[in-house]
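Just so you know, the sequences run in chain order Y and G. The first sequence maps to residues 904 to 1497 in the numbering used here. The second sequence maps to residues 8 to 258 in the numbering used here. The beta-carbon is built from N, C-alpha and C at its ideal position, and this holds for glycine as well.
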Amino acid sequence: MGRRAPCRAGLRTRPVSADTEIGPTMLADMNTLTLLAPRWWALKNSCRVGDRRALVKAAALLAITLGFWLGIFIIFKRVLHYFQGVEELGDLLAYKLLSMVFLTFFGLLVFSNVLVSLNTFFLSRDLATLHATPVSLGELFAARFVETLLESSWMVLLFGIPIFAAYGLTYAAAAGYYLGLVSVIVPYLTIAAAMGVSITMCLVQTLPAQRTRDILLLLSILLAILLYFLFRFMRPERLVDPDAFTSVVAYFRALSAPSSPYLPSTWATEAVWPLLRPSVSSSAFYQGFIWTTAAAAVVACAAVTLATYPHGWSKSQEAGRLVVGRLLGRLNVRIKRRRQGGSQVGALMSKDFKTFFRDNTQWSQLLLIGALVVVYLYNYSVLPLDRARMPTFYLQNLISFLNMGLAGFVLAAIGARFVFPAVSAEGFSFWIMQTSPLSLQRILWSKFFFYLGPLLLLGLVLAIASNAFLGVSPFMRWLTPITVFSMVFGITALGIGMGAAFPSFKAENLAQVATGFGGLLYMILAMSFIALVIVLEAGPVYALFMAHVRRYPLGISQWIYIGGSLALVALVNVTAVWLPMRYGLRRLARYEEG
Amino acid sequence: MIHVENLTKRFHRVTAVDGVSFQVTPGEIYGFLGPNGAGKTTTIKMLAGVLRPTSGRIVIDGVDLERDPIAVKRRLGFVPDRPFLYEKLTGLEFMSFMADLYRLNGPGRDERIQRFLDLFELAEWGRELVGSYSHGMRQRLIMSAALLHGPRVFIVDEPMVGLDPKGARLIKNIFRKLKSSGLTVFMSTHTLAIAEELCDRIGIIHRGKLLAEGTVAELRELAGQADSPLESVFLRLTGAGPEGAEEIDFL
């Protein structure tokens, strides 16, 4: 039920040879460029909409991107500069780094192409219309291939530019390097796209596209967690300390990346490296190799697509759900069924719970948070406190104090992903809330309490466990969890309030909701709130701590100072709850569909 | 039952609804007609409390919407033109959710939900996710949810969109039954035959203004087309041209 019938209309391998009068003229325009035109027009029109918020958003994104670029550029420039200072090994290290960059990019590109091509070839909403038009499968393939290539490559390309620029400037490369780089990157991206699209075509033969996307999303998250763990537990900070290695051989082993001759990343490295160090060898062989491979990959991909797409498209029309989300959602249903109805707020929370755990893109991100917590706590367990110049006792308590800010930051970031989009998650169904006899105030508070519990739990775990690893004094053992506990109320209220003030009910992907202007404002306010609490607590905590350590009594003026500061902290916490909730409520009450 | 006075809604420079006034009496089915972009949906959204009027007054069952929106919403059942629902809930869960929102508790609650699902021929699909429902099924689910709490006023925007003939007949029968039990229905539609068949009175809105109001016979008289179908009357009153005959010749 609810499954659409397989549609093969329009899935032809040759264009219609129409002999009516309107046929040929219309079909002449129906080529690959025509199919790509809507994307181009949409991009052009979105740039034309010039309201102030869009401009501010664009400026903020540009500033963040430039900052990110600059950051990557500086890091690579410094690393390469450091490598150049290492006698005899410098070039080898730079070469290895380049090959690792290409290898990482290739993995990301193939994965990204698989995900994007699932959308462009199977899930995109315009496909049903396109299949009803006289578009040949070849033309559709060409258009969608280009679209997939561009959509999945631009991000990697963007992050690659500062890296390659750092290489070029460090080695004072000539213009030939930059031209050669373009000549390598284009076929490199094409090979990844051809591989990604071909993998998708094969996957969709056995699994419905919707389920394939779910599984891939889950796999990508697990892969990210695995990489994250591997990277962290490898303790990369040791790489800058060669003395820690037993021998030069071990040092090299730690740096080595797989460089199989069959990997396109190896060909790309071999094609680019001679352009940086012209005396080494010629780039031409590998350039030729990478271009011919790209051409062959596109032909092979086209053949796979032409042979399998009609069947895959039919399969893609089947509905699919992952079992895990369904099972978790059932948990709540069973509890609910025991009662004859419930409260309005309870109904809202129950609905939020079910929709969260049935959305694979939502609940699966909890796995990432789990990994984040593990690594966060692991960092505290491996802190080399004994090697610091400061007495361990002071350092433990200082770090514990600063940990309140760090835990606050982690909670704010999680808030940005889950709490801020809570109101926007109502989506197009927001009309149900608007027309129900439930005040917006109760809706917002129900969402507040829905997210407060898990965030409180997480905050306490971060604070208590890291204190246990640090072995702090009893005073800090109490202070950190209490402060984090009280900050969670403000962080949650900021998320709900700002999310209500800047809702995005039309967002297709909730993960993108927080990337807008409102999300940016939420992060700035949350960070300011956390910083203010930490700054206000710093003075009194220091006074109390030193009085305890040096065993001297505090004077009346000091007690007044401590009391005043803590009262201010309490006031800031209360304000951080009250003000954003009120602001969000007012703005949401005035919300009208644009 | 519904009292609307000088209702106006402006979106920036555009006046979507311009000083509209009308009244609907208890147990009446009032049809709200108009060409595309006339202001029907904007008016309906204001009646349902989704949009706030720029000026004017809406009183439903004696309660001012501006003063006590929650009390008004308890008395209302609303069906929008586009059936957006929570895709990740099952039909049964959605009904249960709506029952809780409208505080429909007590021992008969679940039986009532089941009876409504049966009535709208959705019982078989109650445990399926709404995301897998067809357009017509969603439309029927929204209708059953909107009527679940026993509203006194039923506001429907395009009730027949997406329904098959069987579904459309079901809805017509339900409307007639609801009318006989004293429910007031305010509906907008483009299906003039439905309006003619079901509505006691009809209001025609065009470019934000209420052009005409009355029974079908009164509207015919107003248009000077005593024996014409409602379609001709409607086109005459809204000043539509001769259906673009020259342009059609191009085909």
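What is the DSSP secondary structure of residue i, reduced to helix, strand or coil?
i, result
"Pro1161 (chain Y)", "With a pLDDT of 47 at Pro1161 (chain Y), under the threshold of 50, the modelled position of this residue cannot be trusted; read the value that follows with caution. Residue state, collapsed to three classes: coil."
"Lys1409 (chain Y)", "coil"
"Asp994 (chain Y)", "helix"
"Leu218 (chain G)", "strand"
"Val66 (chain G)", "strand"
"Gln1247 (chain Y)", "helix"
"Ser888 (chain Y)", "Since the first residue of chain Y shown is 904 and the last is 1497, residue 888 (chain Y) is not available in this structure."
"Ser1039 (chain Y)", "strand"
"Thr49 (chain G)", "helix"
"Leu860 (chain Y)", "Because chain Y in this structure spans residues 904 to 1497, residue 860 (chain Y) falls outside the shown range and cannot be described."
"Asp1255 (chain Y)", "helix"
"Thr245 (chain G)", "coil"
"Asn1476 (chain Y)", "helix"
"Leu1439 (chain Y)", "helix"
"Pro1167 (chain Y)", "helix"
"Glu1054 (chain Y)", "helix"
"Val1017 (chain Y)", "helix"
"Arg1241 (chain Y)", "Below a pLDDT of 50, predicted positions are generally treated as unreliable, and Arg1241 (chain Y), at 49, falls in that range; the measurement from the model is reported next regardless. Arg1241 (chain Y): coil per DSSP, three-state reduction."
"Glu7 (chain G)", "Beyond the ends of chain G as shown, which are 8 and 258, falls residue 7 (chain G); an answer cannot be given."
Out of the options, which has the shortest C-alpha to C-alpha gap to residue i?
i, options, result
"Gln1299 (chain Y)", "Y:Glu1054, Y:Val1452, Y:Ala1127, Y:Val1375", "Y:Val1375"
"Gly41 (chain G)", "G:Gln121, G:Gly215, G:Pro76", "G:Gly215"
"Met1252 (chain Y)", "Y:Phe1188, Y:Trp1348, Y:Thr1169, Y:Phe1296", "Y:Trp1348"
"Val57 (chain G)", "Y:Phe1372, Y:Leu1447, Y:Ile1335", "Y:Ile1335"
"Ile178 (chain G)", "G:Gly189, G:Glu128, G:Val223, G:Phe18", "G:Glu128"
"Gly1308 (chain Y)", "Y:Ala1429, Y:Ala1274, Y:Phe1259, Y:Ile1272", "Y:Ala1429"
"Pro1213 (chain Y)", "Y:Tyr1091, Y:Trp1170, Y:Thr1196, Y:Val1107", "Y:Val1107"
"Glu135 (chain G)", "G:Glu94, G:Gln146, G:Tyr109", "G:Glu94"
"Tyr1165 (chain Y)", "Y:Ile1094, Y:Ile975, Y:Ser1186", "Y:Ile1094"
"Val192 (chain G)", "G:Val11, G:Lys184, G:Ile36", "G:Ile36"
"His1451 (chain Y)", "Y:Gly974, Y:Gly1362, Y:Pro1377, Y:Arg1493", "Y:Pro1377"
"Tyr1091 (chain Y)", "Y:Ala1077, Y:Pro1065, Y:Phe1009", "Y:Phe1009"
"Gly169 (chain G)", "G:Glu204, G:Leu217, G:Pro90", "G:Pro90"
"Arg1345 (chain Y)", "Y:Ser1284, Y:Phe1025, Y:Leu1491, Y:Gln1265", "Y:Leu1491"
"Ile1102 (chain Y)", "Y:Ala940, Y:Phe1304, Y:Ala1203", "Y:Ala1203"
"Leu1209 (chain Y)", "Y:Phe1256, Y:Phe1044, Y:Ile1066", "Y:Phe1044"
"Tyr1070 (chain Y)", "Y:Gly1273, Y:Leu1084, Y:Leu1061, Y:Trp1057", "Y:Leu1084"
"Phe1188 (chain Y)", "Y:Phe1024, Y:Thr1169, Y:Val1201, Y:Ile1066", "Y:Thr1169"
"Glu165 (chain G)", "G:Met194, G:Gly231, G:Asp75", "G:Met194"
"Glu1440 (chain Y)", "Y:Met1390, Y:Leu1457, Y:Val1472, Y:Phe971", "Y:Val1472"
"Val1391 (chain Y)", "Y:Met1379, Y:Leu1413, Y:Phe1432", "Y:Phe1432"
"Arg183 (chain G)", "G:Gly210, G:Leu205, G:Leu126", "G:Leu205"
"Trp1266 (chain Y)", "Y:Val1276, Y:Val1313, Y:Arg1320, Y:Ser1217", "Y:Arg1320"
"Ala888 (chain Y)", "Y:Tyr1283, Y:Leu1179, Y:Met1098", "Missing from the structure shown is residue 888 (chain Y); chain Y here goes from 904 to 1497 and no further."
"Thr1338 (chain Y)", "G:Pro87, G:Ala130, G:Ser187", "G:Pro87"
"Gln987 (chain Y)", "Y:Thr1073, Y:Ser1284, Y:Val1326, Y:Thr1109", "Y:Thr1073"
"Ile209 (chain G)", "G:Gln30, G:Gly115, G:Gly113", "G:Gln30"
"Phe1048 (chain Y)", "Y:Ser1407, Y:Val1201, Y:Tyr1455", "Y:Val1201"
"Phe1352 (chain Y)", "Y:Ile1088, Y:Leu1413, Y:Val1364, Y:Val1480", "Y:Val1480"
From the DSSP output, which residues share a beta bridge with residue i?
i, result
"Ile967 (chain Y)", "Paired residue(s): none; Ile967 (chain Y) is not in a bridge."
"Thr97 (chain G)", "G:Leu136"
"Lys16 (chain G)", "G:Val24"
"Gly84 (chain G)", "G:Phe161"
"Phe39 (chain G)", "G:Ser195, G:Gly210"
"Gln30 (chain G)", "G:His10"
"Asp71 (chain G)", "G:Val66"
- Item | 4-residue-minimum alpha helix (DSSP H) runs that sit fully inside the region 142 to 216 of chain G, ordered along the chain | 142 to 154, 172 to 187, 199 to 205
- Taking 8 Å as the threshold, find out whether the region 80 to 93 of chain G comes into contact with the region 146 to 160 of chain G through three or more Cβ pairs. yes
- Spell out a yes or no on whether the region 1485 to 1493 of chain Y and the region 1392 to 1405 of chain Y are touching, meaning 3 or more CB-CB pairs, one atom from each, closer than 8 Å. yes
- Message: So, does the region 131 to 145 of chain G touch the region 56 to 69 of chain G, judging by three or more C-beta pairs under 8 Å?
- Response: no
- Is the region 168 to 176 of chain G close to the region 16 to 25 of chain G, with three or more CB pairs under 8 Å? no
- Item | Sufficient close CB pairs (3 or more, under 8 Å) joining the region 67 to 77 of chain G to the region 100 to 112 of chain G | no
- Message: For a minimum of 3 consecutive residues, which ranges assigned as the beta strand (DSSP E) are wholly contained in the region 1272 to 1324 of chain Y?
- Response: none
- Query: Just checking, does the region 196 to 203 of chain G make contact with the region 230 to 247 of chain G on the three C-beta pairs under 8 Å criterion?
  - Reply: yes
- Task: Could you tell me whether the region 1383 to 1400 of chain Y touches the region 1340 to 1360 of chain Y, using the rule of 3 or more Cβ pairs below 8 Å?
- Result: yes
- Query: Where are the alpha helix (DSSP H) runs, 4 residues long or more, that stay fully inside the region 1372 to 1431 of chain Y, in chain order?
  - Reply: 1377 to 1404
- Can you find at least 3 beta carbon pairs, one from the region 1003 to 1020 of chain Y and one from the region 1047 to 1060 of chain Y, that sit closer than 8 Å? yes
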